[in-house]
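Undergrad:
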Amino acid sequence: MAQSAVQPNSPPLRTRPWAASVIIMAGLAAIVFGIGASIVTGVADISLRTVWSSIFAYDTGNDHHVIIRQLRMPRALAGALVGAAFAVAGAIMQGMTRNPIADTGLLGINAGAGFVLVLVFAFVPWLPFGYLILFSFLGAGLGALLVYGIAFMSKGGLSPLKLTLAGAVVGSLITGVSQALSLLFQINYDLASWSAGGISTAEWFQVSVMLPWIVGGLIAAMIISRSITVLSLGEDVATGLGQRTGLVKGIGTTIVMILAGASVSTVGGVGFIGLVVPHMVRFLVGVDYRWIIPCSAVLGAVLVLLADIGAKLLATPYETPLGAVIAVIGVPFFLYLARKERREL
């Protein structure tokens, strides 16, 4: 296992544990509130009293109880899970690569996972959802491999700008091929809606399958958080401190594939969560990933829950795609980071 980030010769870290503690406690409360608000929000007018009775006195003959238990509760829980997963995946990528604009959506990981899922729908559509997640992991790794390979082979080596351009090219290419395959094989699946991102179709069996993967990935991310902190100081510094950088990167990449793959298999291509949330957290709590990772998980869950509520309310009785709502925040933030990065080059 990778060595601890806290070593005698380690550079001093700017960190604010008290702020992180406040964020975690307030964020957990906000998640509970957000889940409740998500359940009562929608076309059908449902009160908190009805939600309470559906949990403790479920009546299959009550339409509102059925809506709450079978539609809105799994949707809210799926939103919290994928929000935490995407945010932590982005934090790990930014820490390992020292790339401020790293994100699973921008670097082709989401598109790669979606492409492999389309192949599964085309050739082996009878596979259960548990196997879809495994193929989604492979697709996430394929997308990352293509993006980093193209960026690495370009003149001058890797840079944040080249990674982003490679991610845009690979993502567009893979998405186009996915749509072509969907039309060619007449896949009985709403690929356009899935590509836009959304949790409206989340069901209990999907939540139950992805829950252990995401929880396991989040725990593993917190276990290696100290090593990610050292790696974020630079590979030379990490090597000088005795850290096995190759092992840390391998473990971190696997965690990112698990978190992104499990999320994409359920909600589709939702981007920018892993870009925006880690930067917000880093500004508030400092650069220690022992705090960045848990705080990113909490705020990522809150962001998706709030965005999903907004998606329900913006065009009632129709729904705005979740990915579009988050993009309203993410695109300006990305442009700001890209402009800042260009000034620093």
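Straight run, no breaks: the sequence shown in full-length UniProt numbering ends on number 345. In this text, a Cβ means the ideal position worked out from N, Cα and C, and glycines have one as well.
1. Got a sec? Which residues, its chain only, sit under 8 Å from glycine 330 by beta carbon, not counting five neighbours each side?
2. Helix, strand or coil for glycine 286 per DSSP?
3. Could you pull out every residue in the same chain whose Cβ sits closer than 8 Å to the Cβ of arginine 282, ignoring the five residues on either side in sequence?
4. DSSP three-state label for proline 11, please.
5. Just checking my contact of phenylalanine 205 with phenylalanine 129 at CB under 8 Å: how many whole Å lie between their CB atoms?
6. Would you report the Cα separation of alanine 37 and valine 237, rounded to the nearest angstrom?
7. With which residues is tyrosine 318 paired in a DSSP beta bridge?
8. I'd like the span of the alpha helix (DSSP H) that includes valine 43, first residue to last.
9. Hey, how far is the Cα of valine 298 from the Cα of isoleucine 199?
10. Relative to the C-alpha of histidine 279, which residue among Val40, Gly90, Leu28 and Trp213 is closest?
11. Roughly how many angstroms separate the alpha carbons of isoleucine 228 and glycine 286, rounded to a whole number?
12. Mark leucine 335 as exposed unless 16 or more other C-beta atoms lie within 10 angstroms of its C-beta, in which case mark it buried.
13. Can you grab the Cα-Cα spacing for the pair leucine 56 / asparagine 110, in whole Å?
14. Counting pairs of Cβ atoms below 8 Å between the stretch 242-249 and the stretch 124-140, do you hit three or more?
15. Run through DSSP, which three-state label would serine 200 get?
16. Three or more beta-carbon pairs under 8 Å between the stretch 171-178 and the stretch 84-103, yes or no?
17. To the nearest angstrom, how far is the alpha carbon of alanine 5 from that of serine 54?
18. What is the DSSP secondary structure of leucine 231, reduced to helix, strand or coil?
19. Is valine 124 buried or exposed, if buried means 16 or more other CB atoms sit within 10 Å of its CB?
20. Which of helix, strand or coil does DSSP assign to serine 154?
21. Please state if the CB of valine 304 and the CB of alanine 80 are separated by a distance shorter than 8 Å.
22. In its own chain, which residues sit with a C-beta less than 8 Å from the C-beta of alanine 327, not counting the 5 before and 5 after it?
23. Thinking leucine 322 and alanine 307 are a contact (beta carbons under 8 Å), I'd like their distance in whole angstroms, please.
24. Note down, in chain order, each residue of its chain lying with its Cβ closer than 8 Å to the Cβ of glutamate 319, except the 5 sequence neighbours on either side.
25. State whether the stretch 134-149 contacts the stretch 260-267, with contact taken as three or more CB pairs (one from each stretch) at a distance under 8 Å.
26. Express the C-alpha separation of glycine 300 and isoleucine 24 in angstroms, rounding to a whole number.
27. Whole angstroms is fine: what's the gap from arginine 69's alpha carbon to isoleucine 309's?
28. Flag this pair as yes or no: are the beta carbons of valine 267 and valine 120 separated by less than 8 Å?
29. Determine whether the beta carbon atoms of alanine 20 and cysteine 295 lie at a separation below 8 Å.
30. Whole angstroms are fine: how far does the CA of valine 169 sit from the CA of glutamate 235?
31. Expressed to the nearest angstrom, what Euclidean distance is found between the alpha-carbon atoms of asparagine 62 and alanine 315?
32. If distances are taken between C-alpha atoms only, which option among Arg75, Ala29 and Tyr148 comes closest to threonine 41?
33. Apart from the five residues just before and just after lysine 340, which ones in its own chain have a Cβ nearer than 6 Å to its Cβ?
34. Between histidine 64 and isoleucine 46, is the Cβ-Cβ spacing less than 8 Å?
35. With a CB to CB cut of under 6 Å and the five nearest residues on each side skipped, what residues in its chain are close to isoleucine 214?
36. With H, G and I counted as helix, E and B as strand and the rest as coil, what does DSSP make of phenylalanine 185?
TA: Taking the coordinates as given:
1. Gly271, Phe272, Ile273, Leu275 and Val276
2. strand
3. Within the same chain, arginine 282 has close Cβ partners Ile292.
4. Reliability fails at proline 11, whose pLDDT of 45 lies under 50, so the model's placement of it is uncertain and no value is given.
5. Yes, phenylalanine 205 and phenylalanine 129 are in contact; Cβ-Cβ is about 6 Å, under 8 Å.
6. 46 Å
7. In DSSP, tyrosine 318 forms a bridge with Ala315.
8. Where valine 43 is concerned, there is no enclosing alpha helix (DSSP H), given that its DSSP letter is neither H nor E.
9. 18 Å
10. Of Val40, Gly90, Leu28 and Trp213, the residue nearest in Cα terms is Gly90.
11. 14 Å
12. exposed
13. Strictly speaking, residue 56 in this sequence is phenylalanine, with leucine absent from that position. Near 38 Å, if we compare the C-alpha coordinates of asparagine 110 and phenylalanine 56.
14. The stretch 242-249 is not in contact with the stretch 124-140.
15. coil
16. no
17. Low confidence applies here, because alanine 5 scores a pLDDT of 40, under 50, leaving its location unreliable and the question unanswered by this model.
18. helix
19. It is exposed - the Cβ of valine 124 has fewer than 16 other Cβ atoms within 10 Å.
20. coil
21. yes
22. Gly271 and Phe272
23. 6 Å
24. Within the same chain, and ignoring the five residues on either side of glutamate 319 in sequence, the residues whose Cβ sits closer than 8 Å to its Cβ are Gly198, Ser200, Ala311 and Lys312.
25. yes
26. 11 Å
27. In this model, arginine 69 and isoleucine 309 are separated by some 17 Å (Cα to Cα).
28. No, they are not a contact pair.
29. Yes, the pair counts as a contact, with Cβ atoms nearer than the cut-off.
30. 28 Å
31. 27 Å
32. Arg75
33. Answer for lysine 340: no residue qualifies.
34. yes
35. Leu81, Ala85 and Ala262
36. Three-state DSSP puts phenylalanine 185 in coil, outside helix and strand.
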